[in-house]
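Student: Here it is: the structure, laid out below.
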Amino acid sequence: GESVGLHLPTLSVQEGDNSIINCAYSNSASDYFIWYKQESGKGPQFIIDIRSNMDKRQGQRVTVLLNKTVKHLSLQIAATQPGDSAVYFCAENMVGSWGKLQFGAGTQVVVTP
Amino acid sequence: GAVVSQHPSWVICKSGTSVKIECRSLDFQATTMFWYRQFPKQSLMLMATSNEGSKATYEQGVEKDKFLINHASLTLSTLTVTSAHPEDSSFYICSARGRGGKTEAFFGQGTRLTVV
């Protein structure tokens, strides 16, 4: 989910279930998107990326879906584990400057036993 | 992936003093480095883009005289927060990308700045 303000939306997931994290991006011209995981006090950690010429990409336990029509990204985590507890951000690469990223608001994922 | 290291990991300074944060690419040459700021429970906001050997480009609303960026070599960029105030307390994160048209940017571990 999206949030404007001083608190992150939280997704509470039971261990073993699948997680779906959503993100809306802003620029219809963006052609590269990345999902990051951030643990408390650490920098963002790359999870998976997707280019605009694709609508789905799979990694190990993760899948990213891209819907350019509505400017929407999602990250699916299969069989969520306690180690998946973190804040997840989507990011779009700003047009014309590779590596320059605009981050979404973020979603806190809490995995419960 | 490539390694980007920030130093220090955390720093506490007195109001009115300046603090320098280093961002190093350890195993590749970083032609471009990016500096982000992150307040608690919020997202990362891009502050500036620095290219080796040239002046940094600052995002709208970021004071270039307050946040001095130097990218004097292909492996090191520094961010100096001048005359720091408590409202500058934040988590500062750098990322670095190497040569080539479309190369991934790698993130440092971040620096927690607390101004008292």
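These protein sequence lines are chains A and B, in that order.
Residue numbers for the first sequence follow my numbering, so the first one is -16 and each next one is one higher.
Residue numbers for the second sequence follow my numbering, so the first one is 180 and each next one is one higher.
For every residue, glycine included, the Cβ atom is placed at its ideal position computed from N, Cα and C.
Just so you know, these numbers come straight off a predicted model, no measurement behind them.
I'd like to know if Glu(-15) (chain A) contacts chain B, where contact means its C-beta is closer than 8 Å to some C-beta of that chain.
Tutor: The predicted position of Glu(-15) (chain A) is uncertain, since its pLDDT is 38 and thus under 50; no value can be drawn from it.
Student: Do you know whose CA, among A:Asn50, A:Ile3, A:Gly26 and A:Val(-4), lies nearest Ile33 (chain A)'s CA?
Tutor: Among A:Asn50, A:Ile3, A:Gly26 and A:Val(-4), the Cα nearest to that of Ile33 (chain A) is on A:Asn50.
Student: Sort A:Ala74, A:Gly66 and A:Phe86 by Cα distance to Glu22 (chain A) and report the nearest one.
Tutor: Minimum Cα distance to Glu22 (chain A) is reached at A:Gly66.
Student: Starting from the C-beta of Gly89 (chain A), find all residues in its chain whose C-beta is less than 6 Å away, skip the five residues before and the five after it, and write them out in chain order.
Tutor: Excluding sequence neighbours, Gly89 (chain A) sits near Leu(-9), Val70 and Phe72.
Student: Which residues in chain B have a C-beta closer than 7 Å to the C-beta of Lys83 (chain A)? List them in chain order.
Tutor: Neighbours of Lys83 (chain A) on chain B, chain order: Phe213, Leu225 and Thr228.
Student: Check for me: the beta strand (DSSP E) holding Asn255 (chain B) runs from which residue to which?
Tutor: Here residue 255 (chain B) is Leu; the residue named in the question, Asn, does not match the sequence. Counting along the chain, the beta strand (DSSP E) containing Leu255 (chain B) begins and ends at Leu255 to Val260.
Student: Between Cys192 (chain B) and Tyr237 (chain B), what straight-line distance do the alpha-carbon atoms span, to the nearest angstrom?
Tutor: C-alpha separation (whole angstroms): 24 Å.
Student: Taking Leu205 (chain B) as the reference, which of B:Val294, B:Arg291, B:Arg276 and B:Thr282 has the closest Cα?
Tutor: Of the candidates B:Val294, B:Arg291, B:Arg276 and B:Thr282, the one whose C-alpha sits nearest the C-alpha of Leu205 (chain B) is B:Arg276.
Student: Taking contact to mean 3 or more Cβ pairs, one atom from each stretch, closer than 8 Å, check whether the stretch 278 to 293 of chain B and the stretch 228 to 247 of chain B are in contact.
Tutor: In short, these stretches do not touch, since the Cβ pair count stays below three.
Student: Any beta carbon from chain A within less than 8 Å of Thr282 (chain B)'s own beta carbon?
Tutor: Yes, Thr282 (chain B) lies at the interface with chain A (some Cβ there is under 8 Å from its Cβ).
Student: If we define contact as Cβ-Cβ less than 8 Å, is Gly232 (chain B) a contact residue for chain A?
Tutor: So, not an interface residue.
Student: With 8 Å set as the bound, which would you pick, yes or no: does the beta-carbon of Leu(-9) (chain A) sit closer than that to a beta-carbon of chain B?
Tutor: So, interface residue.
Student: On the premise that Gly(-1) (chain A) lies in contact with Ala74 (chain A), defined as a C-beta separation below 8 Å, what is that separation, rounded to the nearest angstrom?
Tutor: That belief does not hold up - the Cβ atoms of Ala74 (chain A) and Gly(-1) (chain A) are roughly 28 Å apart, past 8 Å.
Student: Does the beta carbon of Ser274 (chain B) come closer than 8 Å to any beta carbon on chain A?
Tutor: At least one chain A Cβ lies under 8 Å of Ser274 (chain B).
Student: Is the beta carbon of Thr254 (chain B) closer than 8 Å to that of Lys199 (chain B)?
Tutor: Not a contact, by the Cβ cut-off of 8 Å.
Student: Considering only their Cβ atoms, is the gap separating Glu231 (chain B) from Thr210 (chain B) smaller than 8 Å?
Tutor: Contact: yes.
Student: Pull up the CB-CB distance for Ser35 (chain A) and Tyr8 (chain A), whole angstroms please, since I reckon it's below 8 Å.
Tutor: The Cβ separation is near 10 Å, so there is no contact.
Student: Which residue marks the beginning of the beta strand (DSSP E) containing Phe285 (chain B), and which one marks its end?
Tutor: Note, Phe285 (chain B): beta strand (DSSP E), Ala284 to Phe286.
Student: In the structure shown, what three-state DSSP assignment does Asp38 (chain A) receive?
Tutor: Coil at Asp38 (chain A), not helix or strand.
Student: Rounding to the nearest angstrom, what Cα-Cα distance links Lys25 (chain A) and Asn5 (chain A) in this structure?
Tutor: If you take the alpha carbons of Lys25 (chain A) and Asn5 (chain A), they lie about 22 Å apart.
Student: Thinking C-alpha only, which one of B:Ala181, B:Cys273 and B:His186 is nearest Gln208 (chain B)?
Tutor: The option with the nearest alpha carbon to Gln208 (chain B) is B:Ala181.
Student: Looking at the structure shown, is Asp67 (chain A) part of a helix, part of a strand, or coil, going by DSSP?
Tutor: It is helical.
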